[in-house]
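First up is the structure itself, then whatever we jot down about it.
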Amino acid sequence: MKDYDIKKYTKRLRKVLDDDRFEHTLGVSYTCAALAMRYEYDIKKAQVAGLLHDCAKCIPDEKKLQLCIKHNIQMTDVERKTPFLLHAKVGAFLAMNQYKIKDKEIIQAIINHTTGKPNMSMLDKIVYIADYIEPQRYKAANLSVVRKMAFEDINLALFQILKDTLKYLTESGGDIDPMTQKAYEYYKEEFEHSSDDVINYIKKQQEENEMNDLLPN
């Protein structure tokens, strides 16, 4: 097992992130560890990827752009237009150069956590999903259902998150990164035949929640 200094990373993050982002980061790391336990993945690697996924989040957008130009980090048109999305790629750069992370799977999970991608690795899925369902989150559609789903069928949860994300961006007029669309289309092929299963799963969970609300305290 590689020697990751989680205490050192956490201490540094406390200095470079604002309070809300730091709390979110701890929540993601915690959720990554829980998902890693569930799916028998390396727990410490998952913790580290969760801790560092937003390490560049609080860097001003203009500086993110400058760092990408200076270090030849490729940017999509959407990222140039909405540079806050660059925190994933800049974060991967910082993870390698400031936090001295050499594990390519961790670096890729940091890069992919905002947009997703086709054929994601287990760590990609863990970080992407943990970022969506960690305990501080409360606004996303179907959140309580997706939280349960994540610990029962990680691929189904991933597909549902991609689907809900695209729906939200479309309805709110937000910019959709081409990679998110590609990720959705990739997993749609896998789950297209079972789309009714997703709907039925959500309905079942909603019915269970309603029944629980009716039970006496």
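Be aware that the sequence shown starts at 1, since it is given in the UniProt record's numbering, and climbs by one per residue.
Idealized CB from N, CA, C, for every residue including glycine.
| query | Does DSSP put PHE191 in a helix, in a strand, or in coil? | reply | PHE191 falls in the helix class under three-state DSSP.
| message | Just to confirm, is the Cβ distance from CYS55 to LEU13 under 8 angstroms? | response | Yes.
| field | Simplified DSSP state of CYS68, which is helix, strand or coil | value | DSSP places CYS68 in helix when its eight states are reduced to three.
| said: Rounded to whole angstroms, what is the Cα-Cα separation between residue 245 and PHE22? | reply: Here the chain comprises residues numbered 1 to 217, so residue 245 is not present and cannot be evaluated.
| task | Would you grab the beta carbon distance between LEU123 and TYR41 for me? Rounded to a whole angstrom, and I think it's under 8 angstroms. | result | Right, the Cβ-Cβ distance comes to about 7 angstroms (below 8 angstroms), so this counts as a contact.
| message | Quick check: what's the CA-CA separation for LYS182 versus ASP5? | response | Distance from the CA atom of LYS182 to the CA atom of ASP5, rounded to whole angstroms, is 35 angstroms.
| said: Quick check: what's the CA-CA separation for ALA88 versus ILE111? | reply: Rounded to the nearest angstrom, the two C-alpha atoms are 5 angstroms apart.
| query | In terms of residues, what are the limits of the alpha helix (DSSP H) holding HIS53? | reply | Note, HIS53: premise wrong, no alpha helix (DSSP H); not H, not E.
| What is the rounded straight-line gap between the Cα of VAL72 and the Cα of GLU207? | Per the sequence shown, the amino acid found at residue 72 is Asn instead of Val. If you take the alpha carbons of ASN72 and GLU207, they lie about 51 angstroms apart.
| Delimiting residues of the alpha helix (DSSP H) encompassing ARG38 | Segment 19–38, the alpha helix (DSSP H) holding ARG38.
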